[in-house]
Every structure is written in C-alpha cells, then in structure tokens.
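In the working numbering, the protein residues as written are 60 to 415.
Glycine included, each C-beta is placed from N, C-alpha and C at the ideal position.
A quick write-up on the structure given underneath.
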DNA sequence: CGTCCACCGGAAAATAGGGAGG
DNA sequence: CCTCCCTATTTTCCGGTGGACG
C-alpha cells in the first residue's frame with residue numbers, strides 16, 4: 060500500500076493557488092472597480108456565483124493585490140452570522156484588540172469607525188447567512204462608513220437589492236459581478252493542476268478527472284471527490300476508483316460543509332437523507348417527526364420545530380437540499396424537501412468522455 | 001363559497017452568559 | 001458582590017396563507 064499523496068494541501072478547499080484558472084476577466088473587473096482613478100470614493104461590489112465557482116478564491120486573491128496603504132479584511136458570514144460577531148472580527152483584524160461579548164453594538168460601531176482612518180476594504184463572504192439571521196443593519200452601517208469599500212459575496216443571491224432595505228441598498232449600490240459555473244474542461248484543468256501539485260507524477264488517469272468534471276461543476280465537490288479517491292488509491296487514481304468512491308467523496312463534501320454548524324444540523328441532514336431514500340419529496344412536518352425520533356434514539360434533547368425550521372433553511376442555503384414552498388393551498392402552509400441531486404446526469408455506462 | 005390543511009415565519013419571552021460601575 | 005446593561009440561543013405563541021374539496 061503506497062501513498063500517492065505527496066503534499067495534501069492543494070487538495071483542500073483552503074488552499075489558495077497562486078494563479079487562478081480562467082478567471083482573468085473577473086479579476087480585471089474587480090481591479091477596475093478599485094482603480095485609483097475612479098474618483099476618490101471607493102466602490103462597493105457584490106460578487107455572485109453558485110457554489111464551487113471560485114468566489115472566495117477570487118476575492119482573497121484580489122485582496123493580496125492592494126498596496127499597504129489599504130487595509131483589507133475578510134469575514135465569512137457563516138460562522139459570523141450576527142452584526143456583533145462581524146464587528147468583533149473586524150475590530151480584531153484592524154486593531155488587534157479583542158473585545159468579548161457583552162458590549163453595546165453602538166460601542167463596537169464607534170470603535171470601528173475610529174479604526175478605519177485608512178482606506179479599508181471589507182469582504183463579507185457568504186453574506187446570505189448574515190442577512191438571514193440578523194438582517195441588513197451591519198451592511199447599512201458598513202456601507203455608510205467613510206474610507207470603506209464593502210465586497211459582499213453570495214452563492215444564493217444574484218443581487219442583494221430584494222434582500223435588504225431600500226435605505227441600505229441606496230448606500231450600498233454595488234457593482235455586481237457574476238461568476239459562471241466552470242465548464243467540464245475547466246474543472247478538469249483545475250483538478251489536474253491541483254493533482255499535479257499534490258500527488259505523485261502520473262498517478263491520476265485522465266479519464267478519472269474527466270469523469271468528475273462531467274458530473275459536477277462545483278470545484279469544492281470535485282476536490283473532495285478527488286481527494287477521497289487519492290486517499291483510497293493504491294498506486295493510481297483510476298476511472299473505476301473514482302466511480303467507486305463517488306458517494307464517499309460527496310459525503311466528505313457534506314461533512315466539510317456542515318463542520319461549521321451544530322450537531323443538530325448534521326442530524327437533520329442525516330434524517331432527510333434517510334427519508335429521501337425513495338427520492339420522493341417529504342414535507343417539513345414529517346422531517347421534524349423523524350428528526351425527533353432520531354434524537355430519542357440517541358438520547359439527545361431535540362430542538363423545537365420552530366428552530367429546526369430555521370436549520371432547514373440553512374441546509375437549503377448550503378445547496379444540500381431543495382425546498383418547494385407552499386404558502387397555503389390544499390397542502391397547507393409547508394415545505395416539500397428533497398436532497399439536491401448533485402450528480403443527476405451521472406452516466407452509468409458512459410462512452411462519451413470528452414477527450415482532447 | 002366556505003372550510004380546511006399544516007406549518008411558515010414574525011415577535012416576544014425565557015434562559016444563560018459577559019462587562020462595567022458602584 | 002450587586003445591579004443593570006448587553007448579546008446569543010432557543011422556546012413559546014400564534015396570525016396568516018390560498019388552492020382544492022365539499
């Protein structure tokens with residue numbers, strides 16, 4: 060049993076490649092928005108792109124291009140889903156001071172206002188979680204700050220206009236940037252690049268990558284899948300090995316996504332996965348009942364139905380489940396839930412692997 | 001045309017924690 | 001230590017929804 064993994068880093072989602080593949084136009088647009096000659100006022104930007112299109116990488120890469128006269132901050136709205144948490148994080152990044160809990164929001168806002176005497180660029184990644192949980196107060200505050208440009212990033216909202224108050228949007232007025240999903244050949248190229256950096260030379264079959272690329276355009280899924288295959292490989296990642304570990308790879312992706320959430324999120328997801336075996340939509344009430352039973356089996360105190368309703372929305376925002384909302388009608392007011400079929404067009408006996 | 005499905009989702013309150021000043 | 005302020009998480013409460021069925 061030989062290990063074909065030399066350096067695991069490039070196969071993880073936190074790995075930031077020095078060069079992004081096929082995102083030059085977007086990098087261009089970003090630089091334009093912040094070009095020195097566009098008046099004195101910094102421009103706000105909203106970046107939209109489905110999961111696994113390289114939003115976070117693009118924006119992090121972009122932050123490194125600023126001269127030292129500009130301060131940059133990066134915060135993700137997923138763990139930091141309240142105004143308070145984001146402000147706390149920003150203060151820590153800007154001034155190094157660590158504020159605990161228990162202070163007034165207005166107090167943190169005042170301290171932050173004092174801290175941004177230099178030009179500052181603030182990125183709020185996965186902003187949909189912040190908006191869902193705590194509304195747009197923070198966005199209103201930040202976009203009205205002097206010397207500060209805000210870059211919001213979302214995998215779910217193409218525009219934030221319908222999501223925030225009019226007064227917030229009017230001070231935000233972002234330039235909107237959209238990332239399109241990668242094409243299969245781009246996915247293959249990106250995965251090949253990562254594999255070359257992480258694995259032994261010649262250890263990945265070309266058709267193995269094609270198989271992944273033909274199944275998903277989400278790079279994060281692709282990476283998990285490839286990594287899972289590489290970990291299981293004896294001496295090479297073959298196409299059949301990739302087929303073999305397909306569901307394990309996706310499971311690893313789910314686990315990675317849910318790692319930032321509570322064990323109840325995980326339990327809830329597992330519950331739906333079980334109910335979804337027959338691929339029929341299931342309504343939220345039934346999901347809650349099954350969840351409660353599951354808790355009873357494991358001796359865990361279940362959360363309330365209202366709370367779980369919010370957690371279902373989280374899973375939906377993560378792109379793990381699909382929900383059809385019924386606001387009344389014969390079915391009453393409810394949601395029909397289903398796992399996302401991420402590998403819908405998985406070719407069971409495929410002969411049309413793209414080759415070039 | 002009235003009724004009913006079934007829980008969405010807003011609001012308030014309960015609970016548990018921390019910080020600052022007396 | 002007490003008091004009074006804050007945030008965070010979860011529970012409790014409940015009005016409201018609209019198409020199909022009778």
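Quiz item: Can the beta-carbon of residue 296 be found closer than 8 Å to that of residue 246?
Solution: Sequence index remark: in the first chain, residue 296 carries index 237 (1-based). Sequence index remark: in the first chain, residue 246 carries index 187 (1-based). Contact flag unset, no.
Quiz item: Where does residue 410 fall in DSSP's three states?
Solution: Position 351 of the first chain, counted from the start, is the residue given in the question as residue 410. A caution first: residue 410 carries a pLDDT of 42, below 50, which makes its placement in the model unreliable, though a value can still be read off. Coil, per DSSP.
Quiz item: Of all the options 67, 215, 119, which has the alpha carbon lying nearest to the alpha carbon of residue 374?
Solution: As a first step, residue 374 must be located in the first chain, where it is residue number 315. Checking every option, the nearest Cα to that of residue 374 belongs to 215.
Practice problem: Could you tell me whether the Cβ atoms of residue 235 and residue 210 are closer together than 8 Å? | Solution: Position 176 of the first chain, counted from the start, is the residue given in the question as residue 235. Position 151 of the first chain, counted from the start, is the residue given in the question as residue 210. It is not a contact, given that the beta carbons lie outside the stated cut-off.
Quiz item: Per the contact definition of three or more C-beta pairs closer than 8 Å, is the stretch 280 to 288 in contact with the stretch 303 to 319?
Solution: yes
Quiz prompt | Close-in-space but distant-in-sequence residues of the same chain around residue 224 (CB under 8 Å, 5 per side omitted) | solution = Here the question's residue 224 lines up with position 165 in the first chain. The residues are 195, 199.
Self-check item: DSSP three-state assignment for residue 272, whether helix, strand or coil
Solution: Residue mapping note: residue 272 aligns to position 213 of the first chain, counting from 1. Correct three-state label for residue 272: helix.
Quiz prompt | Residue ranges of each beta strand (DSSP E) within the stretch 86 to 134, 3 or longer | solution = 104 to 107
Quiz item: Excluding sequence positions up to five away, which residues of its chain have a Cβ less than 7 Å from the Cβ of residue 151?
Solution: Here the question's residue 151 lines up with position 92 in the first chain. Taken in chain order, the residues that qualify are 157.
Quiz prompt | Every unbroken beta strand (DSSP E) inside the stretch 231 to 269 [3 residues or more] | solution = 234 to 237
Quiz item: What is the rounded straight-line gap between the Cα of residue 280 and the Cα of residue 133?
Solution: Within the first chain, the letter at position 221 stands for residue 280. Within the first chain, the letter at position 74 stands for residue 133. Their Cα atoms are separated by approximately 23 Å.
Quiz item: Along the chain, where does the beta strand (DSSP E) that runs through residue 385 open and close?
Solution: Here residue 385 refers to the residue found at position 326 of the first chain. Counting along the chain, the beta strand (DSSP E) containing residue 385 begins and ends at 380 to 386.
Practice problem: Would you check if there are 3 or more beta carbon pairs closer than 8 Å linking the stretch 100 to 111 to the stretch 236 to 244? | Solution: yes
Exercise. Return the chain-ordered list of same chain residues with a C-beta closer than 8 Å to the C-beta of residue 129, the five sequence neighbours on each side being excluded.
Key: The count along the first chain starts at 1 and reaches residue 129 at position 70. Cβ within range, chain order: 177, 178, 179, 180.
Self-check item: Buried or exposed by the 16-neighbour rule on C-beta atoms within 10 Å, applied to residue 388
Solution: The residue given as residue 388 occupies position 329 in the first chain. Flag for residue 388 reads exposed.
Quiz item: Do the stretch 350 to 368 and the stretch 158 to 168 meet, that is, are 3 or more Cβ pairs less than 8 Å apart?
Solution: no
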